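Worksheet: one structure, shown below.
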Amino acid sequence: MSQCSFSSLPAEIVFSILKAVLEGIVQDDMVITPEAEHWILAGGLPFPHSMALVCRRWRDIVSSTPELWTRIFWMISVPEEEDRHRINSQLEKSGNYPVHLTIINSWCHKRGIRIILHRLAPHLQQLKSLRMANFYEAHDLPHLDTLTGYAPQLESLQLTDGKHIHHCTNFKSRLKLDCPALRIFHVDIIVAYNLDHRWLKNNLTHVEFMTISCGSSRIRSAQAVMLSRALQAVPRRIPCLTLDNLQLPDSSLVSINQADIKIGAEQVILRTSIDALAAIDDDCQTIVIEKCDSVHDLQRISLPSSSRSLELDGCDSKEPRRVPDTRTWDGDAVTITNSHSSCIEIILHLLGAPFNDYSCSLWCHVTTLKLVANGDFVLNLPLTLLKAMITSRQGAAEQKSLSGKNNEHNVELNGVRPLMVLHVQGGQPLSREESVWFEKRVRDFVWDYKRR
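The sequence shown begins at 72 in this note's numbering and counts up by one.
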């Protein structure tokens, strides 16, 4: 069988490969906040410049294919004339194809943003995605007014400035883009609660993913109410809302409740802080907690009553100090991914594992538990506690069945269901005896251990 050299592939195949690589890079861009290091690939050059250096043939393919130049990643860190030349060159090379533009301002904030936005204004109808980082003076000053016009293809808009947004003094929203096809919207909280509600209603009809980055400060009561009202102005129930480190003091939660404007979405992702749990409405279906080291706070904050599933990813916790006794939840599925054993222990106690010789299944309707290790992460599961939780729930369910009715004064007997599904991916190896123990007590049991 003859072997085909990669360099002898037809130009159409090479183009298809490079286009697939570009599409993967763009998809990654959509879910992360732009950083300077995302600009380059191996060798210190951006795509597709690095691909054009492979050989003369690839250079010809890249230089003659406008579609491969549609990801424009712009670092404003050079003098004005050079910036003007580069942005014009990139836009010309992309032809009339939809453009994915990222702007990171790391030079003179006032002049740099003004230059780029003026160059960009005539190309609004070509934009497929626009990400701007370190733009605070463009928000504080009237530079964003330059982006006034119709952007019919724009599906992703990200305006973030975690380092400088607190310097803003003029909080009036200047966002005037007409972008009715928007699916992904990511802004800092100061921008979010100052957005014009009419703009939200006109442009977020089709939004699927909305992210609000909150920095490191707690927000005041008035700001919390403004944020909730802005989210309510979105003309559809948001499929996925991410609140990145939204820290709400008790006074802010009281104000939200008094205004009767809780935060609503089909799925809410809480990153770092879970303070906002108490501000989520009861129609939310899925709660996701990411990168949080205070999962023990679930003992004092109730989950939305109608949510069906809880997911924890990359979480940690302190040791429990007391038996939780009031924070019940009616969901039926819990998934824990890449999380510390202390986080898992807290959840097992909430599911019914004894704490100081006392058992109470506050999450009595949960029948599915999935424990997952992705990548190089290895789960360190507390087997004794896991078995105790399963035994406790099974015993409570059997006692309830024998009694023939619910006992409202006994948490253990009040509607507790046995665990029906236990899937472990990436746990420690189990002995045959331990496997048999789980198989006898859990109807759908899977334990896939990870070799160390």
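Ideal Cβ positions, reconstructed from N, Cα and C, are used throughout, including at glycine. For clarity, every value in this text was computed on a predicted model and none was experimentally measured.
Pairwise C-alpha distance: residue j and residue i
| i | j | result |
| --- | --- | --- |
| Asp-232 | Asn-205 | 4 Å |
| Thr-141 | Asn-167 | 9 Å |
| Arg-289 | Ser-344 | 11 Å |
| Arg-300 | Asp-321 | 18 Å |
| Ala-330 | Pro-223 | 36 Å |
| Ile-418 | Leu-314 | 22 Å |
| Leu-228 | Leu-188 | 14 Å |
| Thr-408 | His-194 | 42 Å |
| Cys-126 | Pro-137 | 19 Å |
| Arg-503 | Arg-514 | 17 Å |
| Glu-390 | His-411 | 12 Å |
| Ala-536 | Gln-470 | Only positions 72 to 523 of the chain appear in this structure, which leaves residue 536 out of reach. |
| His-257 | Leu-230 | 6 Å |
| Tyr-429 | Ser-292 | 39 Å |
| Leu-139 | Val-262 | 33 Å |
| Leu-361 | Leu-89 | One detail in the question is off: residue 361 reads as Glu in this sequence, not Leu. Spanning the two alpha carbons is a distance of roughly 33 Å. |
| Cys-414 | His-436 | 20 Å |
| Cys-431 | Asp-364 | 24 Å |
| Arg-512 | Phe-448 | 27 Å |
| Arg-190 | Val-339 | 37 Å |
| Pro-306 | Thr-282 | 16 Å |
| Asn-451 | Lys-458 | 14 Å |
| Asp-519 | Gly-446 | 14 Å |
| Val-143 | Asn-159 | Note that residue 143 is Ile in the sequence shown here, rather than Val. Cα to Cα, the separation comes out at about 11 Å. |
| Met-203 | Ala-468 | 54 Å |
| Ile-255 | Trp-400 | 31 Å |
| Glu-510 | Asn-427 | 27 Å |
Contact check, residue i vs residue j, beta carbons under 7 Å
| i | j | result |
| --- | --- | --- |
| Phe-280 | Cys-311 | yes |
| His-367 | Ser-380 | no |
| Val-495 | Leu-442 | yes |
| Leu-501 | Phe-516 | no |
| Thr-406 | Arg-488 | no |
| Ala-444 | Gly-385 | no |
| Ala-91 | Ile-132 | no |
| Leu-433 | Arg-398 | yes |
| Tyr-264 | Leu-225 | no |
| Trp-129 | Ile-174 | no |
| Ile-334 | Leu-383 | no |
| Leu-348 | Ile-309 | no |
Rounded distance between the beta-carbons of residue j and residue i, thought under 8 Å
| i | j | result |
| --- | --- | --- |
| Lys-199 | Thr-219 | About 19 Å separates the two Cβ atoms, so there is no contact after all. |
| Pro-375 | Asp-352 | 7 Å |
| Ala-295 | Leu-266 | Not a contact, Cβ separation roughly 15 Å. |
| Leu-201 | Leu-162 | At roughly 13 Å, the Cβ-Cβ gap does not stay under 8 Å, so Leu-201 and Leu-162 are not in contact. |
| Leu-490 | Leu-456 | Leu-490 to Leu-456, Cβ: 13 Å. No contact. |
Residue i burial status per 10 Å Cβ neighbour count (16 or more: buried)
| i | result |
| --- | --- |
| Thr-276 | exposed |
| Asn-478 | Confidence at Asn-478 is low in this model, with a pLDDT of 47, below 50, so its placement is unreliable and the value that follows should be read with caution. Answer is exposed; the Cβ neighbour count stays below 16. |
| Asp-259 | buried |
| Glu-416 | buried |
| Arg-342 | buried |
| Ala-336 | buried |
| Glu-505 | exposed |
| Asn-176 | buried |
| Ala-192 | exposed |
| Leu-253 | buried |
| Asn-316 | buried |
| Gly-402 | buried |
| Gln-197 | buried |
| Asn-274 | buried |
| Ser-79 | exposed |
| Ile-84 | exposed |
| Ser-377 | exposed |
| Ser-87 | exposed |
| Ser-284 | buried |
| Ser-165 | buried |
Min CB distance residue i to chain C below 7 Å
| i | result |
| --- | --- |
| Val-258 | The question asks about chain C, but that chain is absent: this structure has only one protein chain. |
- prompt: Between the segment 352 to 364 and the segment 322 to 330, do at least 3 Cβ pairs fall closer than 8 Å?
  reply: When C-beta atoms of the segment 352 to 364 are compared with those of the segment 322 to 330, fewer than three pairs fall below 8 Å, so the two segments do not count as touching.
- prompt: If we count Cβ pairs, one from each stretch, closer than 8 Å, do we get three or more for the segment 453 to 466 versus the segment 419 to 427?
  reply: yes
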